[in-house]
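Shown next, in structure tokens, is the structure this report addresses.
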């Protein structure tokens with residue numbers, strides 16, 4: 001701030017500058033100099049120092065360098081570029097710094113003689129993070145680095161925050177997502193990921209344009225959020241005085257356009273699902289859906305396989321990609337497997353021979369698969385598939401012919417009315433897309449919506465509801481149609497080898513730190529002021545359970561093994577609204593899994609990296625088909641005059657190592 005004031009007092013306020021003429025980016029500077037060098041120096045051989053002593057060799061190398069410089073400097077290439085200073089080294093009358101722009105970094109050589117004494121003095125006072133405009137000519141240093149010899153240096157913006165030296169560790173990972181602008185500055189590979197994401201979306205558009213698809217836009221605020229099994233976000237439209245929802249899918253409006261005769265349509269847009277956050281799910285994400293008249297799910301399989309191959313080739317340069325060390329071949333024909341055949345292969349159960357819901361439920365109980373009473377045979381099939389099959393689907397595999405019960409918008413298979421013409425593409429154990437031969441029978445569709453309404457009445461918060469306008473559109477007449485939805489974020493994860501969805505979202509959903517007004521933990525106060533303040537907590541409205549009066553003997557109590565555990569990973573358990581699954585370091589070298597029903601109080605990402613307390617010698621207990629080995633300890637209280645419970649996990653200082661025993 002003092003440096004900024006000094007500049008302003010001297011009439012050099014950088015914030016008054018409105019523009020700067022940039023002629024080149026850093027990658028272009030390197031390319032044009034190398035081409036110019038080749039043209040002027042041709043095949044000039046490297047200096048030969050064979051047979052020379054050290055001093056003679058040094059002199060020969062210097063002479064050769066000076067000759068090369070003289071040739072190149074006689075035909076200088078003038079450039080103007082701009083970016084953020086990431087490094088500087090001041091050496092008396094001359095200095096070096098690195099300037100980073102969108103395309104990379106470029107070394108700049110700054111001398112007092114070239115830019116003047118006053119400008120050089122200002123540069124010496126500059127800070128890492130300041131943004132400069134640089135004009136000068138290109139040259140190659142004695143160490144071989146292409147650089148710019150600065151003739152004019154302009155401070156374009158003063159950085160008033162100290163940049164971190166580097167990001168490292170779990171705590172800083174959290175801050176990377178919260179302050180993505182700093183992450184992009186400090187980590188070039190992060191910038192590369194998002195440049196690649198943009199290219200992936202561009203190539204999707206190019207591919208579909210080549211197949212005569214038309215890009216459209218449909219509403220994000222809807223009265224009836226349908227097209228997927230998900231709980232919507234709800235809001236209020238003041239002007240109309242109506243409650244509305246944020247869309248969970250793009251499907252129903254795009255099908256209306258097929259009814260209207262547009263034949264081939266697609267949309268890339270944000271959708272919103274009121275669900276948990278984990279490594280593969282964010283409540284706000286990008287979906288691409290397309291619909292093509294006069295084709296079916298077989299046509300969608302061909303389109304998908306061709307598009308994935310095209311994206312890999314154009315974006316990654318090869319159809320063999322690597323994710324987390326595993327090679328995935330998108331060049332081979334994708335495997336095709338029915339859902340029932342997959343279960344038969346990986347679980348040894350043939351659901352084609354099981355006829356009733358009761359038989360399916362009995363089999364689920366026998367295998368320890370949790371289900372709800374309202375579930376049918378079709379739901380049980382899906383649970384078996386999730387339990388036994390998904391983890392084995394590494395190479396691209398189309399899973400086809402799903403049960404009717406879990407596919408309310410899909411055409412039945414003419415050969416088997418209990419199944420539908422649907423597929424999901426699995427790669428790296430992930431569902432990459434979902435496709436149907438679209439249901440165009442308005443009578444059948446009304447019956448399926450009615451069943452969804454019943455499911456909602458029975459407590460299914462993700463059930464769809466009858467959409468009368470969509471039924472009216474179907475009644476007008478929709479041709480046979482193939483449709484598909486792709487999760488763009490998951491596709492970008494795959495093609496950029498990114499471990500978590502938050503790594504491919506510029507601004508992922510994060511829980512606020514200290515309230516909405518300071519959502520990312522930033523503050524106008526200095527760090528010293530923040531440290532000096534003691535947080536004041538009002539406990540006046542808290543009700544604490546009375547202490548137990550019975551005594552417990554020390555021998556019995558000491559049989560519980562209390563340990564400090566580090567949270568390596570935390571995810572929401574699929575199909576459960578309460579359970580979080582923790583992967584813990586308990587100091588043994590083997591990961592420990594503990595499930596805890598605390599999702600109402602915490603989102604998974606805020607617990608990663610924390611040190612908690614667990615009882616580690618309880619017998620394993622199965623929850624939702626997952627063995628939970630221990631119990632995390634929490635402090636629980638109620639609010640006065642209320643049944644509302646507050647829960648706080650016991651978190652301890654991160655200096656305590658994993659496995660430390662509590663006495």
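Numbering (the working numbering), first residue to last: 1 to 663.
The C-beta atom is built at its ideal place from N, Cα and C for all residues, glycine as well.
Residue 1: buried (16+ other C-beta within 10 angstroms of its C-beta) or exposed?
Position 1 of the chain shown holds residue 1. So residue 1 ends up on the exposed side.
Under 8 Å: do the stretch 347-362 and the stretch 579-594 share three or more Cβ pairs, one atom per stretch?
no
With 16 other CB atoms within 10 Å as the buried threshold, where does residue 89 fall?
Here residue 89 refers to the residue found at position 89 of the chain shown. That one is exposed.
Thinking C-beta only, is residue 474 closer than 8 Å to residue 694?
Nothing in the structure corresponds to residue 694, since the chain is present only between 1 and 663.
Can you list, in chain order, the residues of its chain with a C-beta nearer than 6 Å to that of residue 86? Leave out the 5 residues immediately preceding and following it.
Looking up residue 86 in the chain shown gives position 86. Counting only Cβ-Cβ distances below 6 Å, and skipping sequence neighbours, we find 98, 100.
In whole angstroms, give me the CA-to-CA distance for residue 46 and residue 11.
For this step, residue 46 is matched to residue 46 along the chain shown. For this step, residue 11 is matched to residue 11 along the chain shown. About 50 Å.
Taking all protein chains shown into account, decide if residue 381 is buried (16 or more other Cβ within 10 angstroms of its Cβ) or exposed.
Translated into the one-based positions of the chain shown, residue 381 becomes position 381. The residue in question, residue 381, is buried, as its Cβ has 16 or more Cβ neighbours within 10 Å.
I'd like the ranges of any beta strand (DSSP E) spanning at least 3 consecutive residues and lying wholly in the stretch 569-647.
580-585, 592-596, 611-615, 621-623, 626-628, 634-639
Could you work out which residue in 655, 133, 513, 162 is closest to residue 153 when comparing CA atoms only?
Against the chain shown, residue 153 aligns to sequence position 153. If we check each option's Cα against that of residue 153, 133 comes out closest.
May I ask which residues mark the beginning and end of the beta strand (DSSP E) holding residue 333?
Position 333 of the chain shown, counted from the start, is the residue given in the question as residue 333. That residue, residue 333, is in no beta strand (DSSP E); it is neither H nor E in DSSP.
Please confirm if the stretch 337-344 is in contact with the stretch 393-409, defined as three or more CB-CB distances below 8 Å between the two stretches.
yes
My guess is that residue 324 and residue 509 are in contact by the Cβ rule of under 8 Å, so how many angstroms apart are they, rounded?
Along the chain shown, read from residue 1 onward, the residue named residue 324 stands at position 324. Along the chain shown, read from residue 1 onward, the residue named residue 509 stands at position 509. The Cβ separation is near 24 Å, so there is no contact.
With DSSP run on the structure shown, which of helix, strand or coil describes residue 21?
Taking the first residue of the chain shown as position 1, residue 21 is located at position 21. Residue state, collapsed to three classes: coil.
Taking DSSP as the reference, what is the three-state secondary structure of residue 510?
The sequence position of residue 510 within the chain shown is 510, counting from 1. Correct three-state label for residue 510: coil.
Just to confirm my understanding: we take residue 214, look at its own chain, exclude 5 residues before and 5 after, and list those with CB closer than 7 Å. What are they?
Mapped onto the chain shown, residue 214 falls at position 214. 262, 264, 265, listed in sequence order.
Determine contact between the stretch 128-143 and the stretch 63-77, defined as no fewer than three beta-carbon pairs at a distance below 8 Å.
yes
Of the residues 297, 122, 50, 24, which one's Cα is nearest the Cα of residue 105?
Translated into the one-based positions of the chain shown, residue 105 becomes position 105. Per the Cα distances, 24.
According to DSSP, simplified to helix, strand and coil, what is residue 391?
Locating residue 391 in the chain shown gives position 391, where the first residue counts as 1. Of the three classes helix, strand and coil, the one that applies to residue 391 here is helix, per DSSP.
Give the straight-line distance between the Cα atoms of residue 146 and residue 60, rounded to the nearest whole angstrom.
The residue given as residue 146 occupies position 146 in the chain shown. The residue given as residue 60 occupies position 60 in the chain shown. Straight-line Cα distance between these residues: approximately 21 Å.
Less than 8 Å between the beta carbons of residue 484 and residue 304, yes or no?
Position 484 of the chain shown, counting from 1, holds the residue named residue 484. Position 304 of the chain shown, counting from 1, holds the residue named residue 304. Contact flag set, yes.
Considering only residues of the same chain and omitting the five flanking positions on each side of residue 357, which have a CB-CB separation below 8 Å?
Within the chain shown, the letter at position 357 stands for residue 357. Excluding positions up to five away in sequence, the list reads 375, 376, 377, 380.
Quick check on the DSSP output: the beta strand (DSSP E) that includes residue 322 runs from which residue to which?
Taking the first residue of the chain shown as 1, we reach residue 322 at position 322. Unbroken beta strand (DSSP E) run through residue 322: 320-323.
So who's on the other strand from residue 403, going by DSSP bridges?
Mapped onto the chain shown, residue 403 falls at position 403. DSSP lists 419 as partners of residue 403.
Bridge partners of residue 264, per DSSP?
Walking along the chain shown from the start, residue 264 turns up at place 264. Note: residue 264 sits in a beta bridge opposite 292.
Tell me the residue span of the alpha helix (DSSP H) that contains residue 217.
Within the chain shown, numbered from 1, the residue matching residue 217 stands at position 217. From DSSP, residue 217 is part of no alpha helix (DSSP H); its letter is neither H nor E.
Let's see if you can read the secondary structure: which residues bound the beta strand (DSSP E) around residue 194?
One-based indexing of the chain shown puts residue 194 at position 194. Per DSSP, residue 194 belongs to no beta strand (DSSP E); it is in the alpha helix (DSSP H), 188-209.
Please tell me whether residue 312 and residue 495 are closer than 8 Å, where the distance is taken between their beta carbons.
One-based indexing of the chain shown puts residue 312 at position 312. One-based indexing of the chain shown puts residue 495 at position 495. Going by C-beta atoms, residue 312 is nearer than 8 Å to residue 495.
How big is the Cα-Cα spacing for residue 691 and residue 658?
Examination of residue 691 is not possible in this model, given that the chain is present from 1 through 663 alone.
When DSSP builds the beta bridges, which residues end up paired with residue 303?
Taking the chain shown and counting its residues from 1, the one referred to as residue 303 is at position 303. BP columns for residue 303 are empty, so no partner.
Name the DSSP beta bridge partners of residue 487, please?
Locating residue 487 in the chain shown gives position 487, where the first residue counts as 1. 287.
Could you check what DSSP says for residue 663 in three-state terms: helix, strand or coil?
Translated into the one-based positions of the chain shown, residue 663 becomes position 663. Coil.
With a threshold of 8 Å on Cβ separation, who are the neighbours of residue 448 within its own chain once the five nearest residues in sequence on each side are excluded?
Against the chain shown, residue 448 aligns to sequence position 448. The residues are 408, 409, 439.
Would the stretch 2-9 and the stretch 62-73 be scored as touching if the rule is three or more Cβ pairs under 8 Å?
no
Identify every residue that forms a DSSP beta bridge with residue 278.
Translated into the one-based positions of the chain shown, residue 278 becomes position 278. Answer by DSSP bridge pairing, in chain order: 281.
To the nearest angstrom, report how far apart residue 424 and residue 384 are at their CA atoms.
Locating residue 424 in the chain shown gives position 424, where the first residue counts as 1. Locating residue 384 in the chain shown gives position 384, where the first residue counts as 1. Answer to the nearest angstrom: the Cα atoms are 16 Å apart.
Report the start-end ranges of each beta strand (DSSP E) in the stretch 408-478 that is 3 residues or longer and not cut off at the edges.
Scanning the stretch 408-478 from its first residue to its last, the whole beta strand (DSSP E) runs of 3-plus residues come out as 416-420, 422-427, 430-437.
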